[in-house]
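In my numbering, the protein residues as written are 106 to 941. We put the beta carbon where it would ideally sit given N, CA and C, even for glycine. For reference, the structure discussed in these notes is given below.
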């Protein structure tokens, strides 16, 4: 994993949500409560990560907030051009020969002056951490202490409060995620909500009250309300995991002060983003006109004096107050904005698969998605029918994945497929060698059987006839035969399931040729295979039907955009075949020679994963039938699943046509990905996997991250398939310019794609892009020795933002219907620090 991928993964795990911005990324800074994205992340020419918080957080604070150190910002390879004798590169100085200006080494904010973050001090128990806190802070007697738990009810934190003359002081101690110790400095994020097990147990649609502080939460609970809060007070709502509020109705009762209003606003946005059904904010002044400044629900409870009748009336009053409050519901994102291609979230994959994908993509020079898609299908086929994820008693999803790489000829789409499927190919080769040996032995046994049978017939004894040997069946892992007759025969012989791998999927789409023009019947059989459902197929020749209890076939391959456009006609869009395929169509990139290769360690690790997955066996039922094992969701996994399900359902309600159909299938794909990630974590001995028997939140989150990427890619692909010829030409031109570094001259373009044969044609095309808001002209001044200035077109990124997260003026025009592309060229800064 490169330093940039590492920091993006860490920021994403801490809720930063990095998005492409210009040639880098923009996100919320994890080192402070960020209202708008203020952190810029870029990759320097030497491979280091450039991070800059426009609100003033230092690089050390930024990396420390996500559990990294400044050393992680540099390439680890000692032979990388950015490393000198294994040490960090010398900071560039003004006048070093390029247009980048940086402050001298040792200056404020530079790597040289920041040093390396110190390791956290840990304690064996929560009590020891609290004792050290008290000895260090010397706050005197505590005013209160409240425990926090994980979804399963295990203690994971303690919040301690002191009431001081200058105000309250609230601190916390926390158990590190790996269970290695307790800390009270640098708490891990996100932190769970107060009384989390009670939130998890709340039925979807149930009401939960959110208040400020544990003391107030206990007061609300004394009224019989389900209540929670977040660690750290009104300004720390973003440090909490609001995922458990998915599917719930929240009622926020803030303190009567400005901080309370801010807290209500923060929680509203966070909860709705996490999948809450609705949020209502109540004003306690409606019940108590003279509520003191800073007053909260605890003041109401204290007024009752503990009287049962008064408490009952107060609960009725606050519930009525909540009913009258306006419900705020989530808004689906606008569908008008064109999507840019974003890299596949490789960090969602288990570690050995991450490494294999990244090393393979670098060695081939292709986009990582070209490895991910065939790998997902291959891993799914290795699991086959052995395990399913159980979402409800009557809803389970199999490990069946259909993927299609969409790319033009000559774009390196075949090599990654072969590399991803190599473990299966080798396993198949070994199986076929064993089959050849078995067939040789069978021929000898059959010859002996025929001799013995002849002798038995000629004898006068009453002995039983010789037993005829059975024909050996080849163990099959993959096939490229797309006929239903061939597949059902193979599935009958191989009940675990199969992988169908075709370098060109265009032939598979021609279903009519398999059944004398009756393609609809063939498609129906494939749809049954996608669901892993039972399938009945009649054999030719009247030999009786073949019954497959669980027909599981994963599919992978590639197809050109034009072939896909022809294949996905109205019929396959209408019957749902197109929606069942997962696509990747990244922009073309310049292929340059590299000495990079896949390491033997990465190959061995991926082979180990496949070997262990193939070691899984079907469950034998009481009646002697083979069936899949069912893996239920862990409590935290159920919370994560419900949150995704509700968010996804709301998104689908805003869609129509082909996109809505794709969204309906992506719902099940999220569960399938979670199952695959879970079993791959087991196969790779992931130390964070606590229980093989249940699927936890980490696996669900990984499945959701992949599903969202495939959803964006489906929208993007359908948009491209529907575009006119002119729109397609524009998109291809913009993508070509992006691949050149986002800036070209008319002469560069005339030397590029053949359709721009001369400078005049190229200049006209670039001027058209400027008029449509895709870029602008840059005019260089003549050099010191004179000469003609150069007019250069520079592409504008549709996601470019300022430090405050606002759209730049150059990009604020009417861009509806424009083409969005991903850019990865390094900018030439006019100034800045060694760590941006």
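One or two residues paired with residue i in a DSSP bridge
| i | result |
| --- | --- |
| residue 565 | The partner list for residue 565 (beta bridge, DSSP) is empty, contrary to what the question assumes. |
| residue 743 | DSSP output for residue 743 lists no bridge partner at all. |
| residue 148 | 154 |
| residue 484 | In the DSSP output, where bridge partners are listed per residue, residue 484 has none listed. |
| residue 554 | DSSP lists no partner for residue 554. |
| residue 250 | 265 |
| residue 114 | Bridge partners of residue 114: none, in fact. |
| residue 643 | 650 |
| residue 131 | 124 and 145 |
| residue 821 | In the DSSP output, where bridge partners are listed per residue, residue 821 has none listed. |
| residue 944 | Here the chain covers residues 106 to 941 and nothing more, so residue 944 does not appear. |
| residue 735 | 493 |
| residue 582 | According to DSSP, residue 582 bridges with nothing at all. |
Same chain, Cβ closer than 7 Å to residue i, five either side skipped, listed in chain order
| i | result |
| --- | --- |
| residue 1002 | Residue 1002 is absent from the structure shown; the chain starts at 106 and stops at 941. |
| residue 917 | Caution is warranted here: a pLDDT of 31 is assigned to residue 917, below 50, making its placement in the model unreliable, and no coordinate value can be reported. |
| residue 638 | 656 |
| residue 523 | none |
Check whether residue i and residue j have beta carbons under 9 Å apart
| i | j | result |
| --- | --- | --- |
| residue 227 | residue 286 | yes |
| residue 660 | residue 507 | yes |
| residue 329 | residue 420 | yes |
| residue 269 | residue 314 | no |
| residue 781 | residue 742 | no |
| residue 601 | residue 491 | yes |
| residue 108 | residue 152 | yes |
| residue 662 | residue 509 | yes |
| residue 532 | residue 707 | no |
| residue 897 | residue 850 | yes |
| residue 382 | residue 426 | no |
| residue 789 | residue 703 | no |
| residue 392 | residue 422 | yes |
| residue 791 | residue 456 | yes |
| residue 980 | residue 794 | Any property of residue 980 remains undetermined from this structure, which presents the chain solely from 106 to 941. |
| residue 585 | residue 607 | yes |
| residue 433 | residue 634 | no |
| residue 319 | residue 267 | no |
| residue 848 | residue 883 | yes |
| residue 231 | residue 263 | yes |
| residue 540 | residue 295 | no |
| residue 737 | residue 665 | no |
| residue 814 | residue 449 | yes |
| residue 740 | residue 370 | no |
Same chain, Cβ closer than 6 Å to residue i, neighbours up to 5 away in sequence not counted
| i | result |
| --- | --- |
| residue 599 | 581 |
| residue 121 | 132, 133 and 135 |
| residue 822 | 688 and 690 |
| residue 440 | Annotation note: pLDDT 38 at residue 440 (below 50); position unreliable, coordinate value reported separately. Around residue 440: no qualifying Cβ. |
| residue 931 | For residue 931, the predicted structure reports a pLDDT of 33, less than 50, and the residue's modelled location is therefore unreliable. A value from the coordinates is still provided. Counting only Cβ-Cβ distances below 6 Å, and skipping sequence neighbours, we find 150. |
| residue 695 | 844 |
| residue 193 | Low confidence applies to residue 193: its pLDDT is 42, below 50, so where it sits in the model is not reliable enough to give any reading. |
| residue 912 | Residue confidence for residue 912 is low, a pLDDT of 33 falling below 50, so the modelled location carries little weight; the figure read from the coordinates is stated next. Within the same chain, residue 912 has no close Cβ partners at all. |
| residue 673 | 683 |
| residue 472 | 691 |
Close Cβ partners of residue i (< 8 Å) along its chain, the five nearest in sequence each way excluded
| i | result |
| --- | --- |
| residue 536 | 579, 580, 581 and 582 |
| residue 881 | 875, 898, 899, 901 and 915 |
| residue 238 | 265, 276, 278 and 289 |
Cutoff 9 Å: residue i Cβ touching any chain B Cβ
| i | result |
| --- | --- |
| residue 684 | Protein chain content of the structure displayed is limited to a single chain, and chain B is not contained in it. |
Q) Quick one: any contact between the region 358 to 376 and the region 391 to 409, if contact means 3 or more CB pairs under 8 Å? A) yes
Q) Do the region 857 to 865 and the region 460 to 469 make contact, defined as three or more Cβ pairs closer than 8 Å? A) no
Q) Can you find at least 3 beta carbon pairs, one from the region 478 to 487 and one from the region 754 to 770, that sit closer than 8 Å? A) no
Q: Please determine if the region 799 to 818 and the region 834 to 851 are in contact, where contact requires at least 3 C-beta pairs separated by less than 8 Å.
A: no
(Q) In chain order, what are the residue ranges of uninterrupted beta strand (DSSP E) at least 3 long that sit wholly in the region 468 to 553? (A) 492 to 497, 500 to 503 and 507 to 511
Q) Could you give the uninterrupted runs of the beta strand (DSSP E) lying entirely in the region 381 to 457, keeping only those of 3 residues or more? A) 383 to 386
Q. Does the pairing of the region 766 to 780 with the region 369 to 388 give three or more beta-carbon distances under 8 Å?
A. no
Q. Hey, is the region 290 to 308 in contact with the region 318 to 338, meaning 3+ C-beta pairs nearer than 8 Å?
A. yes
(Q) Report the start-end ranges of each alpha helix (DSSP H) in the region 272 to 356 that is 4 residues or longer and not cut off at the edges. (A) 301 to 306 and 319 to 327
Q. On the three-pair Cβ rule with 8 Å, is the region 516 to 523 touching the region 559 to 576?
A. no
Q: Determine contact between the region 726 to 744 and the region 542 to 557, defined as no fewer than three beta-carbon pairs at a distance below 8 Å.
A: no
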